[in-house]
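**Student:**
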Amino acid sequence: MSRPAETLRRVREEVNRLHAELLRWGLVAWTSGNVSARVPDADLMVIKPSGLGYADLTPDTMVVTDLHGTVVEGEHAPSSDTASHAYVYRAMPHVNGIVHTHSPYATAWAARNEAVPCAITAMADEFGGEIPLGPFALIGGDEIGRGIVATLSGHRSPAVIMRGHGVFTIGADAQAAVKAAVMCEDVARTVHLARVHGPLQPLPEHHVDALYERYQNVYGQHDDPQGARP
Ligand SMILES: [Zn+2]
1310 MSRPAETLRR
1320 VREEVNRLHA
1330 ELLRWGLVAW
1340 TSGNVSARVP
1350 DADLMVIKPS
1360 GLGYADLTPD
1370 TMVVTDLHGT
1380 VVEGEHAPSS
1390 DTASHAYVYR
1400 AMPHVNGIVH
1410 THSPYATAWA
1420 ARNEAVPCAI
1430 TAMADEFGGE
1440 IPLGPFALIG
1450 GDEIGRGIVA
1460 TLSGHRSPAV
1470 IMRGHGVFTI
1480 GADAQAAVKA
1490 AVMCEDVART
1500 VHLARVHGPL
1510 QPLPEHHVDA
1520 LYERYQNVYG
1530 QHDDPQGARP
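Going from the sequence shown to the numbering used here is simple: count from 1 and add 1309.
See the structure below:
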C-alpha cells in the first residue's frame, strides 16, 4: 500500500484529469460541474475548488476535505456541492467517485421533472432501466446528497437527474462516475430526439434485465484466466 501522501497526490491528479474529461465530452460550461473521489483508506475526499475555471484547475488546486465537507488541505474553498458529495460517501460505502453536471439534454429532462424512460438498449446496458428523477433540493447543504441517496439506493442506475437542476452520478471509482455522466447525456439526448417526433416505445422489462445482466457481467475485456468471452 502506498503512503498517505502519495495516495493523496495520486487522487488529486486523477480528479484534476477527470475534470478535463467533463469539458472534452461537452458536459459543462464555464465553472459548472464537479468531480470528487474518495481517498482510499482514509475518511477523506478530493473535490473541485469552488468558482475556478476549468483552464485554471491543477492537481494542487483540488481541495481535500473530510467526509463532512470540512477542508483538510487546500488553498481554495471547495465546491458548493461538497456537503452533498460528503453525505453520499458517508451513506454509500461502495461509492468512491461522484460527478455532477448540468449537461443539456439530461438537464432538459430534469427541467420537465421527468425520468428518462428506458427505450434503447444502451440505457438497459448502462443504467438497467430508466434514469430516475430525484427531488428538488437547494444547493449549499447536504440536501442534494440526501436526495441522491434516497433515489439511487436499491436502484441499478448510477445516475440520477435532480428536479430542475441536473445530473449526479456515482461510481466504484471516479472514472466510472465520469463514464456514467457521459452515457447519461448520450442516452438522454437520443431519447429526447426520439420523443420529439413521436411517442416512445420503452423496452420490455425482461429485455432490459437480460441486456443489463449481459453488459455488466459478460461484455468487454475480462481478466478471466479462462480467456475469451462471447
Ligand atoms: Zn449544479
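Glycine is no exception: its CB is placed at the ideal position from the N, C-alpha and C atoms.
Please read these numbers as outputs of a predicted model, since none were measured by experiment.
Between which two residues does the beta strand (DSSP E) harbouring T1468 extend?
**Tutor:** Within the sequence shown, the letter at position 159 stands for residue 1468. Here the sequence assigns Ala to residue 1468, which means Thr is not the residue at that position. It spans A1468 to M1471 - the beta strand (DSSP E) in which A1468 sits, taken as one unbroken run.
**Student:** Taking Cβ positions, are L1336 and Y1363 nearer each other than 9 Å?
**Tutor:** For the purposes of this step, residue 1336 is taken as residue 27 along the sequence shown, with counting starting at 1. For the purposes of this step, residue 1363 is taken as residue 54 along the sequence shown, with counting starting at 1. No, they are not a contact pair.
**Student:** Measuring CA to CA, which of D1375, A1433, W1418 and R1318 is closest to V1397?
**Tutor:** Walking along the sequence shown from the start, residue 1397 turns up at place 88. It is D1375 whose Cα lies nearest to the Cα of V1397.
**Student:** Which residue comes first and which comes last in the alpha helix (DSSP H) that contains E1315?
**Tutor:** As a first step, residue 1315 must be located in the sequence shown, where it is residue number 6. Note, E1315: alpha helix (DSSP H), P1313 to R1333.
**Student:** Compare the C-alpha of A1490 against each of V1469, N1422 and E1439 and name the closest.
**Tutor:** Taking the first residue of the sequence shown as 1, we reach residue 1490 at position 181. The shortest C-alpha separation from A1490 is found at V1469.
**Student:** Hey, how far is the Cα of G1473 from the Cα of P1511?
**Tutor:** Taking the first residue of the sequence shown as position 1, residue 1473 is located at position 164. Taking the first residue of the sequence shown as position 1, residue 1511 is located at position 202. Approximately 24 Å, taken between the alpha carbons.
**Student:** My understanding is that K1357 touches V1373, with C-beta atoms under 8 Å, so please give their C-beta distance in whole angstroms.
**Tutor:** For the purposes of this step, residue 1357 is identified with residue 48 of the sequence shown, where counting begins at 1. For the purposes of this step, residue 1373 is identified with residue 64 of the sequence shown, where counting begins at 1. Actually they are not in contact, since the Cβ atoms of K1357 and V1373 sit about 12 Å apart, beyond 8 Å.
**Student:** Let me make sure I understand the geometry here. Which of V1320, P1368, A1428 and A1392 has the alpha-carbon closest to that of P1508?
**Tutor:** Reading the sequence shown from its first residue, position 199 is the one you call residue 1508. Ranking the options by Cα distance to P1508, first place goes to A1428.
**Student:** Less than 6 Å between C-beta atoms, sequence neighbours within five positions excluded: which residues of the same chain meet that for A1431?
**Tutor:** Residue 1431 sits at position 122 when you count from the first residue of the sequence shown. Excluding residues within five positions, the ones whose Cβ falls inside 6 Å are V1496.
**Student:** Mind checking whether G1438 and S1393 have CB atoms under 9 Å apart?
**Tutor:** The count along the sequence shown starts at 1 and reaches residue 1438 at position 129. The count along the sequence shown starts at 1 and reaches residue 1393 at position 84. Their beta carbons are not under 9 Å apart, which means G1438 does not touch S1393 by this criterion.
**Student:** By Cβ distance below 7 Å, which residues in the same chain neighbour P1441 in space, the five residues on each side in sequence not counted?
**Tutor:** As a position in the sequence shown, residue 1441 is number 132, starting the count at 1. Cβ within range, chain order: A1424, T1460, H1464, S1466 and V1469.
**Student:** From the beta carbon of S1462, is the nearest beta carbon of chain E less than 9 Å away?
**Tutor:** Among the protein chains of the structure shown there is no chain E, as only one such chain exists.
**Student:** Should I1448 be labelled buried (16 or more other beta-carbon atoms within 10 Å of its own) or exposed?
**Tutor:** Reading the sequence shown from its first residue, position 139 is the one you call residue 1448. With fewer than 16 other Cβ atoms within 10 Å, it is exposed.
**Student:** Could you pull the start and end residues of the alpha helix (DSSP H) that R1583 belongs to?
**Tutor:** Residue 1583 cannot be examined here, being either before or after the span of the chain that is shown, 1310 to 1539.
**Student:** Any heavy atom of ligand 1 closer than 8 Å to the CB of G1473?
**Tutor:** Taking the sequence shown and counting its residues from 1, one reaches residue 1473 at position 164. Flag unset: Cβ of G1473 not near ligand 1.
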